[in-house]
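Before any comments, here is the structure.
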Amino acid sequence: MSLADRYAQLRGTDRVRERTLFVSPQVPSELELQARWFAGDFGNHFTSTAGDEIDVVQFGTWNREAGPDFREAAIRINGGDPIRGCIEIDLLDRSWETHGHATNPAFDETVLHVFVERGDREFFTRTKSNRNVPQVHIDPAVLPPAFSANLPLARPGRCQAPLKGLPEERVCSVLDAAAQFRLRQKAARIRHKIESRGRDEVLFQELAAALGYKENKLPFTLITQRLSLKSLREAASDIESILFGVAGFLHIADLDVYKKSTREYVRQLWDRWWPHRDALQRLILPGEIWSFSSTRPLNHPQRRLAALAMLARDWTHLQRASAKSNVGAAKQFFQTLNHPFWNFHYTLTSKAAPKKMALIGEARVADILANVFFPFWLAHDLDPSGSLAKNVWTEYAKLPAKLSNRRLETGATRLFGSDPRQKQFLKTVANQQGLLQIYEDFCMEDNSDCTQCPFPEQMKKWQ
Ligand code: SF4
Numbered sequence: 006m007s008l009a010d011r012y013a014q015l016r017g018t019d020r021v022r023e024r025t026l027f028v029s030p031q032v033p034s035e036l037e038l039q040a041r042w043f044a045g046d047f048g049n050h051f052t053s054t055a056g057d058e059i060d061v062v063q064f065g066t067w068n069r070e071a072g073p074d075f076r077e078a079a080i081r082i083n084g085g086d087p088i089r090g091c092i093e094i095d096l097l098d099r100s101w102e103t104h105g106h107a108t109n110p111a112f113d114e115t116v117l118h119v120f121v122e123r124g125d126r127e128f129f130t131r132t133k134s135n136r137n138v139p140q141v142h143i144d145p146a147v148l149p150p151a152f153s154a155n156l157p158l159a160r161p162g163r164c165q166a167p168l169k170g171l172p173e174e175r176v177c178s179v180l181d182a183a184a185q186f187r188l189r190q191k192a193a194r195i196r197h198k199i200e201s202r203g204r205d206e207v208l209f210q211e212l213a214a215a216l217g218y219k220e221n222k223l224p225f226t227l228i229t230q231r232l233s234l235k236s237l238r239e240a241a242s243d244i245e246s247i248l249f250g251v252a253g254f255l256h257i258a259d260l261d262v263y264k265k266s267t268r269e270y271v272r273q274l275w276d277r278w279w280p281h282r283d284a285l286q287r288l289i290l291p292g293e294i295w296s297f298s299s300t301r302p303l304n305h306p307q308r309r310l311a312a313l314a315m316l317a318r319d320w321t322h323l324q325r326a327s328a329k330s331n332v333g334a335a336k337q338f339f340q341t342l343n344h345p346f347w348n349f350h351y352t353l354t355s356k357a358a359p360k361k362m363a364l365i366g367e368a369r370v371a372d373i374l375a376n377v378f379f380p381f382w383l384a385h386d387l388d389p390s391g392s393l394a395k396n397v398w399t400e401y402a403k404l405p406a407k408l409s410n411r412r413l414e415t416g417a418t419r420l421f422g423s424d425p426r427q428k429q430f431l432k433t434v435a436n437q438q439g440l441l442q443i444y445e446d447f448c449m450e451d452n453s454d455c456t457q458c459p460f461p462e463q464m465k466k467w468q
């Protein structure tokens, strides 16, 4: 049985067992309150302000982005099925209204509002979609004296203890198995898409999604769905202008808003966009679909879009590089991408940078290799039994990890906690992808705060 098959068997196991775990974080004021809530110091059984019995079955993870304090939490109301969503904690009950949560779509998935101080008037918590959110009152006076620890992104899970006692090879073997399973799933998904849409169009769309990264994956995908590679290449010298036009980045008619050094470039974009504008008017994306706030300047969507234009323009070279199933050839292709404007600018309105910047940086290339090229290569080589081609896996397993993200950090905390080998376990892309798979299959499926999760027991049996 292949490693991927063994992992598939492991994730299919029924949930069993019971036990609890704990780590206590702390910081002052509202943050301390949240930390102690998260640590379970207030318990997990409450009565809501409306008289319902509320059980917190999963405290979730700390939210680092806009929105409620905790994500991926789960509660039960009156013993019903677990309801997954976010939890918001405020000092005052009315903060729900005064902080604007009621009209903020980022709070739409909130399943519980926790507060300390009750106001004089009766108060309802509603989301933007007009759903009532149960409220729970907590009393800090019941807490034992202060405690100390660092604020973790997530609590270590029940599997931390057994994993800590396992030899490194055994932990890596499980991570490999989960990574092989994940890669195989991606390859199968891509093969399926290729059957209906053709290899080039699918590759173009996948590359666009990777260039959009997390924040702008949707607009990038929409652009390549609305503008096929074939149609773009038919207007070869206008590719960049059409992409910028449909992205909605060329709507300002006044060139004076641009820096002097930029005006000539923008004018060229416009001149080539106008002849297409009427025909493509209905495909132009609305401005609000783009996210600019949480992206690093180097990753600004305008730079990424220019990179996508370069890929479409140099498609024949890209095809050659990607056909070789060779990491070196693929990297070489990305390194040779050059653009006289975007090698020196972050956005259309930024001033020129003193030093040349890669159009697609090393970390993004690593991500494209792991999430686009390798699954594509494997999509060709998957045998009917679904086994991975050995050479593809051997190369994949060598890819060094260049990026991290919130989900990975959360998964690492939950599975490895304070294990000093944590860094070692996540040195490669394959190990990171394996951890993500386990996190999604077990942690995100768990509604029992680890007590019913079968992963720790399965790990003990893994040979
Ligand atoms: S849910 Fe399972 S895999 Fe996740 S931390 Fe808890 S015991 Fe570990």
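When we follow this note's numbering, the leftmost residue of the sequence shown carries the number 6, and every step to the right adds one. Positions of the beta carbon are idealized from the N, C-alpha and C atoms, including for glycine. What you are looking at is a predicted structure, and each value in this text was computed from that prediction instead of being measured.
Notebook entry, point to check: Is isoleucine 88 helix, strand or coil by DSSP?
Noted result: Taking the sequence shown and counting its residues from 1, one reaches residue 88 at position 83. The answer is strand: DSSP assigns isoleucine 88 an E or B state.
Next item on the list: Just mark histidine 256 as buried or exposed, buried being the case when its beta carbon has 16 or more other beta carbons within 10 Å.
Entry: If you number the sequence shown from 1, residue 256 lands on position 251. The residue is exposed, with fewer than 16 neighbouring Cβ atoms inside 10 Å.
Notebook entry, point to check: Quick one: what does DSSP say tryptophan 67 is sitting in, helix, strand or coil?
Noted result: By one-based count along the sequence shown, residue 67 stands at place 62. The answer is strand: DSSP assigns tryptophan 67 an E or B state.
Notebook entry, point to check: Based on the DSSP output, what are the partners of isoleucine 94 in its beta bridges?
Noted result: Taking the first residue of the sequence shown as 1, we reach residue 94 at position 89. Isoleucine 94 pairs with Val119.
Margin query: One question on the structure: do arginine 277 and aspartate 243 come within less than 7 Å of each other, judged by their Cβ atoms?
Written below: What you label residue 277 is simply residue 272 of the sequence shown in a count that begins at 1. What you label residue 243 is simply residue 238 of the sequence shown in a count that begins at 1. Closer than 7 Å, so yes.
Item checked: Which listed residue (Leu168, Asn343, Thr130, Leu97) has its alpha carbon closest to that of arginine 123 -> For the purposes of this step, residue 123 is taken as residue 118 along the sequence shown, with counting starting at 1. The residue with the shortest Cα to Cα distance from arginine 123 is Leu97.
Checklist line | Member of Phe447, Gly170, Asp74, Asp125 whose CA lies at the smallest distance from the CA of threonine 115 | finding: Sequence index remark: in the sequence shown, residue 115 carries index 110 (1-based). Comparing Cα positions, the closest option is Asp74.
Notebook entry, point to check: With respect to the beta strand (DSSP E) encompassing phenylalanine 112, which residues constitute its N-terminal and C-terminal limits?
Noted result: Here residue 112 refers to the residue found at position 107 of the sequence shown. Phenylalanine 112 -> no beta strand (DSSP E), and no H or E assigned at all.
Check: Mind checking whether arginine 76 and glycine 65 have CB atoms under 7 Å apart?
Finding: Here the question's residue 76 lines up with position 71 in the sequence shown. Here the question's residue 65 lines up with position 60 in the sequence shown. Yes; because the gap between Cβ atoms is below 7 Å, this pair is in contact.
Item checked: Integer Cβ distance of phenylalanine 186 from alanine 9, believed to fall under 8 Å -> Numbered from 1 along the sequence shown, position 181 holds the residue referred to as residue 186. Numbered from 1 along the sequence shown, position 4 holds the residue referred to as residue 9. The pair is a contact, with the Cβ atoms about 4 Å apart (cut-off 8 Å).
Next item on the list: For the beta strand (DSSP E) containing valine 141, list its first residue and its last residue.
Entry: As a working note, residue 141 is residue 136 in the sequence shown. Looking at the DSSP string, the run of the beta strand (DSSP E) that includes valine 141 is 140 to 142.
Margin query: Would leucine 316 and leucine 212 be called neighbours here (beta carbons separated by less than 7 Å)?
Written below: Residue numbering aside, residue 316 sits at position 311 when the sequence shown is read from its first letter. Residue numbering aside, residue 212 sits at position 207 when the sequence shown is read from its first letter. It is a contact, given that the beta carbons lie within the stated cut-off.
Margin query: Per the DSSP calculation, glutamate 79 is bridged to which residue(s)?
Written below: Counting from one through the sequence shown, the residue named residue 79 turns up at place 74. Checking the sequence, you will find alanine at residue 79 rather than glutamate. DSSP output for alanine 79 lists Gln63, Arg89 as bridge partner(s).
Next item on the list: Taking the CB atoms as reference points, tell me whether glutamine 140 and threonine 54 lie closer together than 7 Å.
Entry: As a working mapping, residue 140 is identified with position 135 in the sequence shown. As a working mapping, residue 54 is identified with position 49 in the sequence shown. For glutamine 140 and threonine 54, yes; Cβs fall inside 7 Å.
Next item on the list: Confirm the yes/no value for this check: CB of cysteine 177, any heavy atom of the ligand SF4, distance under 6 Å.
Entry: On the sequence shown, residue 177 is found 172 positions in, with the first residue counted as 1. Answer for cysteine 177: no, Cβ out of range of the ligand SF4.
Item checked: Contact set for isoleucine 443: own chain, Cβ-Cβ below 6 Å, skip 5 residues either direction -> Reading the sequence shown from its first residue, position 438 is the one you call residue 443. Excluding positions up to five away in sequence, the list reads Ala183.
Next item on the list: May I have the straight-line CA-CA distance separating serine 134 from valine 62, to the nearest angstrom?
Entry: Start at 1 with the first residue of the sequence shown, and residue 134 comes out as number 129. Start at 1 with the first residue of the sequence shown, and residue 62 comes out as number 57. C-alpha separation (whole angstroms): 25 Å.
Next item on the list: Kindly give me the distance between the Cβ atoms of alanine 71 and glycine 90, rounded to whole angstroms, as I take these residues to be in contact under 8 Å.
Entry: Locating residue 71 in the sequence shown gives position 66, where the first residue counts as 1. Locating residue 90 in the sequence shown gives position 85, where the first residue counts as 1. Actually they are not in contact, since the Cβ atoms of alanine 71 and glycine 90 sit about 16 Å apart, beyond 8 Å.
Notebook entry, point to check: How far does the beta strand (DSSP E) with histidine 50 in it reach, from first residue to last?
Noted result: Here the question's residue 50 lines up with position 45 in the sequence shown. Here the beta strand (DSSP E) through histidine 50 covers 50 to 52.
Notebook entry, point to check: Can you give the Cα-Cα distance for arginine 189 and proline 380, rounded to whole angstroms?
Noted result: Mapped onto the sequence shown, residue 189 falls at position 184. Mapped onto the sequence shown, residue 380 falls at position 375. Each residue's Cα considered, the two are about 7 Å apart.
Notebook entry, point to check: Can we count proline 87 as close to the ligand SF4, meaning its CB is less than 6 Å from some heavy atom?
Noted result: Your numbering for residue 87 matches position 82 in the sequence shown. No, the Cβ of proline 87 stays beyond 6 Å of every heavy atom of the ligand SF4.
Check: Are there 16 or more other CB atoms within 10 angstroms of the CB of threonine 399, so buried, or fewer, so exposed?
Finding: Within the sequence shown, the letter at position 394 stands for residue 399. Exposed, since its Cβ has fewer than 16 Cβ neighbours within 10 Å.
Margin query: Could you check if cysteine 91 belongs to the surroundings of the ligand SF4, using beta carbon to heavy atom distance under 6 Å?
Written below: Position 86 of the sequence shown, counted from the start, is the residue given in the question as residue 91. No, since every heavy atom of the ligand SF4 falls outside the 6 Å radius drawn around the Cβ of cysteine 91.
Note to self: Quick check for students: name the residue ranges of the alpha helix (DSSP H) that lie wholly in the region 183 to 241, counting only runs of 4 or more.
What the structure shows: 204 to 217, 222 to 231, 234 to 239
Next item on the list: Could you tell me if glycine 17 is buried or exposed, where buried requires 16 or more neighbouring beta carbons within 10 angstroms of its beta carbon?
Entry: Locating residue 17 in the sequence shown gives position 12, where the first residue counts as 1. Exposed.
Notebook entry, point to check: From Ser201, Trp295, Phe249, pick the residue whose C-alpha is nearest to that of histidine 281; which is it?
Noted result: In the sequence shown, counting from the first residue as 1, residue 281 sits at position 276. Checked all of Ser201, Trp295, Phe249; the closest Cα to histidine 281 is Phe249.
Check: In the region 273 to 303, which residue ranges form an unbroken alpha helix (DSSP H) of at least 4 residues, counting only runs that do not cross its ends?
Finding: none
Notebook entry, point to check: How many angstroms separate the CA atom of threonine 229 from the CA atom of glutamate 206?
Noted result: Position 224 of the sequence shown, counted from the start, is the residue given in the question as residue 229. Position 201 of the sequence shown, counted from the start, is the residue given in the question as residue 206. Taking the straight line joining both Cα atoms gives about 8 Å.
Next item on the list: Figure out for me which residue from Ala252, Ala159, Glu93 has the closest Cα to the Cα of leucine 290.
Entry: Within the sequence shown, numbered from 1, the residue matching residue 290 stands at position 285. Comparing Cα-Cα distances from leucine 290 to each of Ala252, Ala159, Glu93, the minimum goes to Ala252.
Item checked: Collapsed DSSP secondary structure at glutamate 450 in the structure displayed -> As a first step, residue 450 is located in the sequence shown; it is residue number 445 there, counting from the start. Glutamate 450 falls in the coil class under three-state DSSP.
Next item on the list: Use the C-beta contact count for asparagine 155: other C-beta atoms within 10 angstroms, 16 or more gives buried, fewer gives exposed.
Entry: Residue mapping note: residue 155 aligns to position 150 of the sequence shown, counting from 1. Per-residue confidence for asparagine 155 stands at a pLDDT of 41, beneath the threshold of 50, marking its modelled position as unreliable; the derived number appears in the next sentence. Exposed, since its Cβ has fewer than 16 Cβ neighbours within 10 Å.
Margin query: Can you check which of these residues, His385, Ile92, Cys164, Gly105, is closest to valine 397 by C-alpha distance?
Written below: By 1-based counting over the sequence shown, the position of residue 397 is 392. That would be His385, whose Cα lies nearest to the Cα of valine 397.
Next item on the list: Taking proline 275 as the reference, give the member of Leu288, Arg325, Lys360, Leu353 with the closest Cα.
Entry: Translated into positions along the sequence shown, residue 275 becomes position 270. Note that residue 275 is tryptophan in the sequence shown, not proline. Comparing Cα positions, the closest option is Leu353.
Item checked: Whole-angstrom C-beta distance between isoleucine 59 and leucine 15, which should lie under 8 Å -> The residue given as residue 15 occupies position 10 in the sequence shown. The residue given as residue 59 occupies position 54 in the sequence shown. Rounded, the Cβ-Cβ distance is 33 Å, inconsistent with contact.
Notebook entry, point to check: Near aspartate 424, what residues of its chain come up, given a Cβ to Cβ distance below 6 Å and the 5 sequence neighbours on each side ignored?
Noted result: Translated into the one-based positions of the sequence shown, residue 424 becomes position 419. So the list reads Lys169, once near-sequence residues are dropped.
Check: Considering arginine 426, what are the terminal residues of the alpha helix (DSSP H) in which it resides?
Finding: Within the sequence shown, the letter at position 421 stands for residue 426. Careful: arginine 426 lies outside any alpha helix (DSSP H) and carries neither H nor E.
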